[in-house]
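Student:
In the working numbering, the protein residues as written are 3 to 515.
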């Protein structure tokens, strides 16, 4: 009994102690009763910071070079333009000016006014017009320069040579003269400004077989081409002014540039129609040929050699030439839409372009100068990517070039049908030569294939970023989809650039769903 009683007392004491511990442990930490209590630790859940998408920043450094002609040397692109201006870039976006002005301090020549005095004296001027630089067989750089009186086609075209693309260039000789009133011209006949060229705006290029050519001319008798000697940089003898390709009777056609496409096998002839100033209606047009020296035709099949002003109409007759050639772009401006800011993008008198094919990337680029809505005669260089549409024509992206790699997050170059459906601000460039700035219109491409808004019709995604838009009047625009940097939206947006057989370009930039 005693052992049992002892065991019970021990069990009772243990139970009582457990009860006290249980009571203490069960307190919630509130006051009252005067008892001493201990609070249980409060566990705070971890705070997850909000996801902030990375910011995309795309910057441009602009430059003014009128009539820019492009050449690549090593990893740098150079443009040379009128008034002996030049600039360079490595990314098509940020430019550095390296020369400007026909004066003794211009680094492209050792005292250019002395070096090119023969050309300046003949042309009765103190400045130079649009040049072109090409690298020939000897590894040297050949600058084809020109000078013009301006109020007449009295001009001189010559060539200078340098070991480096940025000079200094040493004059070699004059190649051609024009404007010799009442005198014999290079083709053996008395100079006639309605059918003989104004010898300016040269572009020297190689064809697919390696032959060297020079296309040139402006207003007056039009655009001409001649074969050149790649060993000397001079024209081959016995050609006179060469072969006529386009224009005449003082038609406002100039700034010829030829680019060969290894994809389409066509030679594309770029020209500018109209006048270069803010009120001149400058616009870029295109024709093509399977041969470097033509004939060049537009999509309607018109031989551009027949496109010239009507001598019975007033001087600089635009109405006769306006229907011809593929109009790549002219005056335009995009309206600002919801979420956009800054100066509304647009161009006035874009033109006198050059072009470049990047074989490594398989990309085509258009390089030109342009003025801007409401900014008078101020001008800058712009670069746009080009694509080949289903009809084998080059079409121009609606916004200036910036690579998709600039986006903070990866973007696919493929634009699917689902990506396309939405609302766009669209530009119809028409075929006119006019100072009027075409304003964007609202266009919708519905998921079901309907086109609505400012235009009516249907659209189809044809794979490979190709798109076709058929309007209710039966006009078909074949184009290419891409993603382009819209500075006003501060984002890459879906765009299309399309062209009709009549040579009208239609652009669109997506703004919403």
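Each residue gets a CB set at the ideal place from its N, CA and C atoms; glycine is no exception.
#1: Given residue 175, which residues of its chain have a CB within under 8 Å of its CB, disregarding the five upstream and five downstream residues?
#2: How would you write the range of the beta strand (DSSP E) that residue 412 sits in, first residue to last?
#3: Which same chain residues, not among the five before or five after residue 81, have their C-beta less than 6 Å away from its C-beta?
#4: Let me know if residue 317 comes out buried or exposed under the rule of 16 or more other beta-carbons within 10 Å of its beta-carbon.
#5: Straight-line CA distance for residue 369 to residue 347?
#6: Mapping the DSSP letters down to three states, classify residue 107 as helix, strand or coil.
#7: Got a sec? Which residues, its chain only, sit under 6 Å from residue 342 by beta carbon, not counting five neighbours each side?
#8: Please name the residue or residues paired with residue 441 in a DSSP beta bridge.
#9: When we look at the beta-carbon of residue 510 and count the other beta-carbons within 10 Å, is it buried (16 or more) or exposed?
#10: On the premise that residue 271 lies in contact with residue 260, defined as a C-beta separation below 8 Å, what is that separation, rounded to the nearest angstrom?
#11: Restricting to Cα atoms, I'd like to know which of 177, 156, 412, 292 is closest to residue 147.
#12: State the Cα-Cα distance for the pair residue 415 and residue 468, rounded to the nearest angstrom.
#13: Once the 5 residues before and after residue 409 are set aside, which same chain residues still bring their CB inside 8 Å of it?
#14: Could you tell me which residues DSSP puts in a beta bridge with residue 306?
#15: Compare the C-alpha of residue 501 against each of 302, 374, 435, 307 and name the closest.
#16: Check each candidate in 262, 505, 453, 297 and name the one with the smallest Cα separation from residue 422.
#17: Flag residue 153 as yes when its Cβ comes closer than 8 Å to any non-hydrogen atom of the ligand HEM, and as no otherwise.
#18: Roughly how many whole angstroms lie between the Cα atoms of residue 124 and residue 389?
#19: Taking the alpha-carbon positions, what's the residue 398 to residue 151 distance?
#20: Note down, one range per segment and in chain order, each beta strand (DSSP E) of at least 3 residues found wholly within the stretch 191-235.
#21: Classify residue 124 as helix, strand or coil using the three-state DSSP reduction.
#22: Please report the residue range of the beta strand (DSSP E) in which residue 59 lies.
#23: What's the C-alpha gap between residue 337 and residue 412?
#24: For residue 379, count the other beta carbons within 10 Å of its own beta carbon; 16 or more makes it buried, fewer makes it exposed. Which is it?
#25: Which residue from 157, 186, 181, 141 puts its Cα closest to that of residue 165?
#26: Count the other CB atoms, across all protein chains shown, that sit within 10 Å of the CB of residue 328; report buried if there are 16 or more and exposed otherwise.
#27: Note down the Cα distance separating residue 30 from residue 46, rounded to an integer number of angstroms.
#28: Look at residue 250 and residue 189 and say whether their C-beta atoms are less than 9 Å apart.
#29: Specify the secondary structure class of residue 115 as computed by DSSP and reduced to three states.
#30: For residue 485, which of 403, 439, 345, 442 has the nearest alpha-carbon?
#31: Does the structure place the stretch 120-134 close enough to the stretch 198-215 that three or more beta carbon pairs sit under 8 Å?
#32: Please state if the CB of residue 170 and the CB of residue 110 are separated by a distance shorter than 9 Å.
#33: Residue 183: buried (16+ other C-beta within 10 angstroms of its C-beta) or exposed?
#34: Any C-beta of chain E sitting closer than 9 Å to the C-beta of residue 343?
#35: Leaving out five residues on either side along the sequence, give the residues of the same chain with a beta carbon under 8 Å from the beta carbon of residue 64.
#36: Starting from the C-beta of residue 106, find all residues in its chain whose C-beta is less than 6 Å away, skip the five residues before and the five after it, and write them out in chain order.
Tutor: Judging by the given coordinates:
#1: 160, 161, 236
#2: Looking at the DSSP string, residue 412 is not in any beta strand (DSSP E), and its letter there is neither H nor E.
#3: 67, 70, 72, 89
#4: exposed
#5: 17 Å
#6: coil
#7: 490, 491
#8: 335
#9: buried
#10: 5 Å
#11: 177
#12: 12 Å
#13: 58, 494
#14: Beta-bridge pairing links residue 306 to no other residue.
#15: 302
#16: 453
#17: Of the ligands one can find in the structure shown there are none, so the ligand HEM has no counterpart to examine.
#18: 42 Å
#19: 34 Å
#20: 205-208, 214-219, 225-230
#21: helix
#22: Neither: residue 59 is in no beta strand (DSSP E) and is coded neither H nor E.
#23: 28 Å
#24: exposed
#25: 141
#26: buried
#27: Below a pLDDT of 50, predicted positions are generally treated as unreliable, and residue 30, at 32, falls in that range; the measurement from the model is reported next regardless. Approximately 18 Å, taken between the alpha carbons.
#28: no
#29: helix
#30: 403
#31: yes
#32: yes
#33: exposed
#34: The structure shown contains no chain E, having only a single protein chain.
#35: 97, 382, 383
#36: 113
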